[in-house]
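Enquirer:
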Amino acid sequence: MPDEPPRPEPEDAPDVVLLCSPTRDGAGMQVLRAREGHLEAGEVRPIREGQPLIAGELVTLTPRAASPAICDVKVHCRAPSTASSSGPIVGEHKGPALVNSPEYRDHWDGIFAKRGPTAPN
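Residues 4 to 124 (this note's numbering) make up the sequence shown, in order.
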């Protein structure tokens, strides 16, 4: 339609967040984020010194003057799990966490092998 305003291209589209409600623990906010033509639900939390950035992105939210619940987003860095990289994260593997050492796995049979019948005490 000729009277429709042109849609912004994904690289020109604004990255904005709508602040919704506090998280259950009260430490963050639930948000709706519009970026690159997609709408995402998530939450934002303050960063704490000494705590790793486990997932997501480190962002700055700048409230808009006309509506403080709508914030412009500036991304500072992405966590390794969401960053685009050419290969897997060091130490990443499929399956459950490896919580034992190679030495433990090598000596498993010596520790837990079935032994023959023992004489009664």
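Ideal Cβ positions, reconstructed from N, Cα and C, are used throughout, including at glycine.
Between Pro25 and the rest of its own chain, which residues show a CB-CB distance below 8 Å, the 5 nearest in sequence each way excluded?
Expert: Only Gly31, Met32, Gln33 meet the Cβ criterion.
Enquirer: For Pro66, I'd like the list of residues in its chain whose CB is within less than 7 Å of its CB, leaving aside the five on either flank, ordered along the chain.
Expert: Cβ neighbours of Pro66 beyond the five flanking positions: Cys74.
Enquirer: Measuring only the C-alpha atoms, how far is Leu21 from Glu46?
Expert: Cα to Cα, the separation comes out at about 10 Å.
Enquirer: Count the other C-beta atoms from every protein chain shown that fall within 10 angstroms of the C-beta of Val62, then say buried if there are 16 or more, exposed otherwise.
Expert: Answer is buried; the Cβ neighbour count reaches 16.
Enquirer: Going by Cα to Cα distance, which pick from Cys23, Gly113, Arg81 is closest to Ile57?
Expert: Among Cys23, Gly113, Arg81, the Cα nearest to that of Ile57 belongs to Arg81.
Enquirer: Taking DSSP's pairing of strands, which residues face Thr63 in a bridge?
Expert: Lys77.
Enquirer: Look at the alpha carbon of Glu39 and the alpha carbon of Glu106, and state the distance between them as a whole number of angstroms.
Expert: Taking the straight line from one Cα to the other gives about 48 Å.
Enquirer: Considering Cα atoms alone, identify which of Ile50, Arg51, Glu52, Glu60 is closest to Arg36.
Expert: For the residues Ile50, Arg51, Glu52, Glu60, the minimum Cα distance to Arg36 belongs to Glu60.
Enquirer: Do you know whose CA, among Leu42, Phe115, Asn103, lies nearest Pro17's CA?
Expert: For Pro17, the nearest C-alpha among the options comes from Leu42.
Enquirer: Which two residues bound the contiguous beta strand (DSSP E) that contains Asn105?
Expert: Going by the sequence as given, residue 105 is Pro instead of Asn. Premise fails: Pro105 lies in the alpha helix (DSSP H), 105-109, not in any beta strand (DSSP E).
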